[in-house]
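Student: Residue numbers (my numbering): -3 to 522.
No residue lacks a Cβ here, since even glycine has one placed at the ideal position from N, Cα and C.
Keep in mind that this is a model prediction, so the values were computed, not measured.
Just passing along the structure, written as structure tokens.
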């Protein structure tokens, strides 16, 4: 018989509570409930809200070491038929864990960002120290909707979870709960010799207001014996009709991620879900792949992923930083900026699989921000070269020959960020203005007929044309060190509308990380 803690044993099992990070979860398996044929799952990032890691000892006295979820698989995992993003834990407090001298866990974690509608809400969760009778409400999930109304979902012991230390024979009674993962750790092996395992559950709740956008959620402990924790939270909705979609980068999740926004529903999906900085997204012409820059290898490199965020592949492995990818119109090439010797930015082009990189500019000046002409014969870029008098617009043939400086200029601003209109009739770019600040301008392809589109004040950057050329998305910051706002306007500068506010992208924006990108043909109806 192994040594027991000086705690009573119970069918629910004493003392430990694992925490877990929010992620992807599947829908209800209740046989009487009709299944959707094409559900859409969106993970909610818990990274900014973690209160413990998977390797932290939880739900036990301090002397019980290695009582953790270190064995749990991380990243995107399919558990109980559901894709999850597993990275950490949102562990809450309870009477039992406080009695063990563990006071570091909060009673509640509030304002978890969601920003979308959902028909179902899936939790990957459990609890420790569950001595509460069945049907006791041990935790609550509060939904805050965009219309300022709230709804509360109750999480009950015995119904939705049992103690995370327990026997497989001990079942939950809720018909929308399923045991999703079992495992072990050194602590449970030391103190339990009856076959007890670690138990994590998936519970599905129907959203009381599926047509309303959920802005935020709160996760609250009722401070009974149990110490509840979340591993993942995923929202499910019916398959939506294809509409205007826009990529952008933001650090709303605690680090820069690439997000996909549906402009019709305002739903936002995190495509990268990685602890590294991911930014500067660019759609492939067929809309099936996305190139982006990332530091996940320890260096700034170019990567590509499928349009849903899966199958991430690293394209560049050079020791120098690579950023600002731009696809050729035929999808066979990617232009990008490489800081040669770590300092001198040059425009490179490579095959779409990352092979055959070629330096097109080979100039001691500053060359960056490549943008292909719609016919693929030319590349527009911003540069500061000897004799240019500051940062200017340049254009060259796709093979790097015939470099020409255009008459349109950016008045010394290092933030040119050019973009070619889909019809090839206009160029958009960022230009500094008198009195300070940056604004969006357009001109003809030869640099003539320069016209100012915005007068926003502050920093207005990263013009991005919609596929039909009728709209321009851009980013605005009142000040360099303040959160940014994403706008869409008509191509003549009218009807400016805010679509995403409070995105802290300022520092990343000036490095080419914040540029929005429209899904090809999303507005053209193709």
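Should residue 297 go down as buried or exposed, given a rule of 16 or more other Cβ atoms within 10 Å for buried?
Tutor: buried
Student: Of the choices 456, 418, 419, whose alpha-carbon is the least far from that of residue 434?
Tutor: Considering only alpha carbons, the answer is 456.
Student: With residue 319 as the anchor, note down where its beta strand (DSSP E) starts and where it stops.
Tutor: 318 to 323
Student: Is the region 192 to 212 touching the region 110 to 123, taking contact as three or more C-beta pairs under 8 Å?
Tutor: Yes, since at least three Cβ pairs between the region 192 to 212 and the region 110 to 123 fall closer than 8 Å, the two stretches touch.
Student: How close, in whole Å, do the beta carbons of residue 38 and residue 231 come, if the pair is a contact with beta carbons under 8 Å?
Tutor: 5 Å
Student: Could you tell me which whole beta strand (DSSP E) segments of length 3 or greater appear in the region 168 to 218?
Tutor: 173 to 179, 193 to 202, 210 to 217
Student: Taking residue 305 as the reference, which of 289, 255, 102 has the closest Cα?
Tutor: 255
Student: For residue 196 and residue 107, what's the separation of their Cα atoms in angstroms?
Tutor: 24 Å
Student: For a test of the three-state rule: what should DSSP assign to residue 59, helix, strand or coil?
Tutor: coil
Student: Given a threshold of 16 other Cβ atoms within 10 Å of its Cβ, counted over all protein chains shown, does residue 148 qualify as buried or as exposed?
Tutor: Residue environment for residue 148: exposed (fewer than 16 other C-beta atoms within 10 angstroms of its C-beta).
Student: In whole angstroms, what is the alpha-carbon distance linking residue 178 and residue 67?
Tutor: Inter-residue distance for residue 178 and residue 67 is about 10 Å (C-alpha atoms, whole angstroms).
Student: For a test of the three-state rule: what should DSSP assign to residue 92, helix, strand or coil?
Tutor: It is helical.
Student: Taking 8 Å as the cut-off, does the region 95 to 107 touch the region 179 to 194 (at least 3 CB pairs, one atom from each stretch)?
Tutor: no
Student: Which of helix, strand or coil does DSSP assign to residue 374?
Tutor: strand
Student: From the DSSP output, read off the bridge partner residues of residue 401.
Tutor: Paired residues: 390.
Student: Taking buried to mean at least 16 other C-beta atoms within 10 Å of its own C-beta, is residue 266 buried or exposed?
Tutor: buried
Student: Please determine, among 487, 480, 83, 50, the residue with the shortest C-alpha to C-alpha distance to residue 272.
Tutor: 83
Student: Can the beta-carbon of residue 461 be found less than 7 Å from the beta-carbon of residue 415?
Tutor: For residue 461 and residue 415, yes; Cβs fall inside 7 Å.
Student: In angstroms, rounded to a whole number, what distance separates the CA positions of residue 88 and residue 46?
Tutor: 10 Å
Student: Exposed or buried, which one is residue 352 when buried takes at least 16 other CB atoms within 10 Å?
Tutor: exposed
Student: Going straight from the alpha carbon of residue 370 to that of residue 65, what length do you get?
Tutor: 51 Å
Student: Under 7 Å, do residue 375 and residue 331 count as touching if we go by C-beta distance?
Tutor: yes
Student: Per the DSSP calculation, residue 286 is bridged to which residue(s)?
Tutor: 279, 301
Student: Which same chain residues end up closer than 8 Å to residue 104 when comparing Cβ atoms and leaving out the 5 residues on each side of it in sequence?
Tutor: Hits under 8 Å: 88, 214, 215, 216, 217.
Student: What do you reckon, are the CB atoms on residue 221 and residue 127 nearer than 7 Å?
Tutor: Closer than 7 Å, so yes.
Student: Measure the alpha-carbon distance for residue 346 versus residue 228 and round it to whole angstroms.
Tutor: 39 Å
Student: Give the straight-line distance between the Cα atoms of residue 101 and residue 160, rounded to the nearest whole angstrom.
Tutor: 17 Å
Student: With distances taken between CB atoms, is the gap from residue 401 to residue 365 smaller than 7 Å?
Tutor: With respect to residue 365, residue 401 sits apart: the two C-beta atoms are not nearer than 7 Å.
Student: To the nearest angstrom, how far is it from the Cα of residue 471 to the Cα of residue 459?
Tutor: Rounded to whole angstroms, residue 471 to residue 459 spans 8 Å at the Cα level.
Student: Could you tell me the distance, in whole angstroms, from the CA atom of residue 428 to the CA atom of residue 349?
Tutor: 36 Å
Student: Can you list, in chain order, the residues of its chain with a C-beta nearer than 6 Å to that of residue 8? Leave out the 5 residues immediately preceding and following it.
Tutor: In this prediction, residue 8 has a pLDDT of 32, which is less than 50 and means its spatial position is unreliable; what the coordinates show is noted afterwards. Setting aside the 5 residues that flank it on each side, residue 8 is surrounded in the same chain by 126, 158, 159, each with a C-beta closer than 6 Å to its C-beta; the list follows chain order.
Student: What is the DSSP secondary structure of residue 517, reduced to helix, strand or coil?
Tutor: coil
Student: Express the C-alpha separation of residue 323 and residue 242 in angstroms, rounding to a whole number.
Tutor: 16 Å
Student: Based on the DSSP secondary-structure assignment, which residues constitute the bridge partners of residue 542?
Tutor: With the chain represented from -3 up to 522, any question about residue 542 goes unanswered, as that position is not in the structure.
Student: What residue from 444, 424, 378, 62 has the CA that sits closest to residue 403's CA?
Tutor: Looking at the Cα atoms, 444 is the closest of the given residues.
Student: To which residues of the same chain is residue 422 closer than 6 Å at the C-beta, ignoring the five residues directly before and after it?
Tutor: 438
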